[in-house]
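Participant:
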Amino acid sequence: MSECLFCRIVRREIPAQIVQEDERALVFRDVHPQAPTHVLVIPKKHLGSLLEASDEDAALLGHLQRAASRFAAQAGLSSFRLVSNNGKGAGQTVDHLHYHLLAGRPMAWPPG
Numbered sequence: 001m002s003e004c005l006f007c008r009i010v011r012r013e014i015p016a017q018i019v020q021e022d023e024r025a026l027v028f029r030d031v032h033p034q035a036p037t038h039v040l041v042i043p044k045k046h047l048g049s050l051l052e053a054s055d056e057d058a059a060l061l062g063h064l065q066r067a068a069s070r071f072a073a074q075a076g077l078s079s080f081r082l083v084s085n086n087g088k089g090a091g092q093t094v095d096h097l098h099y100h101l102l103a104g105r106p107m108a109w110p111p112g
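Mapping of the sequence shown onto the numbering used here: residues 1 to 112, in sequence order.
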């Protein structure tokens, strides 16, 4: 098992404000929120980034999208942004695949 920050959150070695969980995914509040609603959607399986996902992970990737959608519905969100940064140049700071779900403020385009 990996020693990355998010793997340690999955194992409950580091506290997090978990808002949703199932056998394959964890959704928790970002500690540095960039919007009124800002949660992270992560797989419990360690993948360093989307680039590390294989064809065998296709169902898991779909499951993460559904976890984000379930959270949004539960939170009563009518719109949100779902983002995955891949690599340091894109702003990825934790080497564990994760999606940022942001809502509650206007979102500009293009981002960043």
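Backbone N, C-alpha and C define an ideal beta-carbon position, used for all residues, glycine too.
Would serine 84 count as contacting chain D if we go by Cβ distances under 9 Å?
Facilitator: Of the protein chains in this structure there is only one, and it is not chain D.
Participant: With a threshold of 16 other CB atoms inside 10 Å of the CB of alanine 68, please say whether the residue is buried or exposed.
Facilitator: For the purposes of this step, residue 68 is identified with residue 68 of the sequence shown, where counting begins at 1. Classified as buried, alanine 68 has 16 or more neighbouring CB atoms from the shown chains inside 10 Å of its CB.
Participant: Label valine 10 either buried or exposed according to how many other C-beta atoms from any shown protein chain fall within 10 Å of its C-beta, with 16 as the threshold for buried.
Facilitator: Here residue 10 refers to the residue found at position 10 of the sequence shown. By the 10 Å Cβ count, valine 10 comes out buried.
Participant: Just to check my reading of the structure: histidine 100 and valine 83 have Cβ atoms closer than 8 Å, yes? What is that Cβ distance to the nearest angstrom?
Facilitator: Residue 100 sits at position 100 when you count from the first residue of the sequence shown. Residue 83 sits at position 83 when you count from the first residue of the sequence shown. Contact between histidine 100 and valine 83 holds: CB atoms are separated by about 5 Å, below the 8 Å threshold.
Participant: Could you spell out the range, first to last residue, of the alpha helix (DSSP H) harbouring alanine 59?
Facilitator: Against the sequence shown, residue 59 aligns to sequence position 59. Unbroken alpha helix (DSSP H) run through alanine 59: 58–74.
Participant: With a cut-off of 8 Å on the beta carbons, I'd call glycine 91 and asparagine 85 a contact; round off their distance for me.
Facilitator: Taking the sequence shown and counting its residues from 1, one reaches residue 91 at position 91. Taking the sequence shown and counting its residues from 1, one reaches residue 85 at position 85. With 8 Å as the limit, glycine 91 and asparagine 85 qualify as a contact, their Cβ atoms being about 4 Å apart.
Participant: What's the gap between the Cα of proline 43 and the Cα of leucine 60?
Facilitator: Locating residue 43 in the sequence shown gives position 43, where the first residue counts as 1. Locating residue 60 in the sequence shown gives position 60, where the first residue counts as 1. Looking at the two C-alpha atoms, the distance is approximately 7 Å.
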